[in-house]
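Heads up: the sequence shown begins at 0 in the working numbering, then just goes up one per residue. Backbone N, C-alpha and C fix where the C-beta goes; we use that ideal spot for every residue, glycine too. All values reported here derive from a predicted model rather than from experimental measurement.
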Amino acid sequence: MRKILITTIVTLSVGLLAPALVNAGTILCDFTADPSANGFTLSGSAVWKATGGNTGGWVQLTDAIDDQAGSILLPDFDTGKIISGFTVSMDVRVGAGTDTKPAEGWSINFVPATADVVANGAAGPGWASDFASTPNVNQPSRGSTQGLGVYSLNCDHGGADIVGFNVRYNQVQFALGGFHVPPTGAPVYDGACTDTTSLQTGPTGGGDTNLCWAKFTMTMHDAGLLDIYWKGVPVVTNFNTGWTPQAGRWILGAQTSDPSFNGVGGNEVHEFDNISITTTAASKPVIISFNG
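Written out as structure tokens, the structure is:
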């Protein structure tokens, strides 16, 4: 049976001096049924698999193959409403690469409905550049150029690239440069499922059945303060993003390395299941704009 729940809750704001926090919409999807038949848009290397998820079906944005890029655009479950906050929870399976190092990473983005990535999907344009001396453009692993992007970067191209979780808002990466995992020392690649310093969820090689599903959550509070948790451990809490209430769409992207860039390549699977998003409606009219 298909298990996709999309709800919209409308309620009256109470009080005049303080905004009321009310749900705008909720989407819950365990991918039991083909998402492309239920308002989702898969592009590039993204595919739906009917079995092997946590549990049931799941979506793979890239396989452990060099030079892949995939994305999944979620339905507009908020129907264009302005939201002031959200909570995201999803199961993520990353790793099982077949090259020397895993690459590149994945992103989850809340973007304007008119954003380039909404229209163009994994192929772009609309994805951000890296920070190499000669920037490589259109990188789904680095989030959208428009709107809010939270991304897990597993491959350092140099410059301001930081292996770990990063946040950008309208193509501006925060001055702190990202959230390094681990906070100090060399990055941990292909760590065990319980290794909270590893962006992967199991060992290299051997296929995705050797990986576990790890929990990723993030919350944007009404004041624009962001929490990110990975494997149950806080990456950052109450970080001031400057994010303001706005309408938009949700899209996930991921990619593996192009061997022509570094002569070596790099890959890993990027797989997702049980995506749950609940948004908070803005309680009064808001004037907004998007840059980038």
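Inter-residue Cα distance where the pair is residue i and residue j
i           : j           : result
residue 44  : residue 68  : 6 Å
residue 233 : residue 62  : 28 Å
residue 40  : residue 28  : 14 Å
residue 176 : residue 74  : Residue placement at residue 176 is flagged as unreliable, the pLDDT there being 48, under the threshold of 50; a coordinate-derived value is accordingly withheld.
residue 208 : residue 93  : 11 Å
residue 112 : residue 80  : 11 Å
residue 174 : residue 237 : In this prediction, residue 174 scores a pLDDT of 41, lower than 50, which makes its location untrustworthy; the coordinate-derived value is nonetheless stated afterwards. So the two alpha carbons sit approximately 16 Å from each other.
residue 150 : residue 32  : 27 Å
residue 162 : residue 132 : 17 Å
residue 274 : residue 51  : 16 Å
Cβ neighbour criterion (16 or more within 10 Å) applied to residue i
i           : result
residue 206 : exposed
residue 255 : buried
residue 134 : exposed
residue 259 : exposed
residue 182 : exposed
residue 108 : buried
residue 136 : exposed
residue 37  : exposed
Top-ranked residue by Cα proximity to residue i, from the options
i           : options               : result
residue 82  : 58, 47 and 219        : 219
residue 138 : 109, 31, 230 and 253  : 253
residue 245 : 224, 213, 251 and 281 : 281
residue 55  : 34, 70, 66 and 72     : 34
residue 231 : 215, 221 and 265      : 215
Contact belief for residue i with residue j at Cβ below 8 Å, rounded distance in angstroms
i           : j           : result
residue 249 : residue 147 : No, residue 249 and residue 147 are not in contact; Cβ-Cβ is about 10 Å, not under 8 Å.
residue 101 : residue 153 : 5 Å
residue 87  : residue 212 : Between residue 212 and residue 87 the Cβ distance is about 16 Å, and since that is not below 8 Å, they are no contact.
DSSP three-state assignment for residue i, whether helix, strand or coil
i           : result
residue 116 : helix
residue 233 : strand
residue 37  : coil
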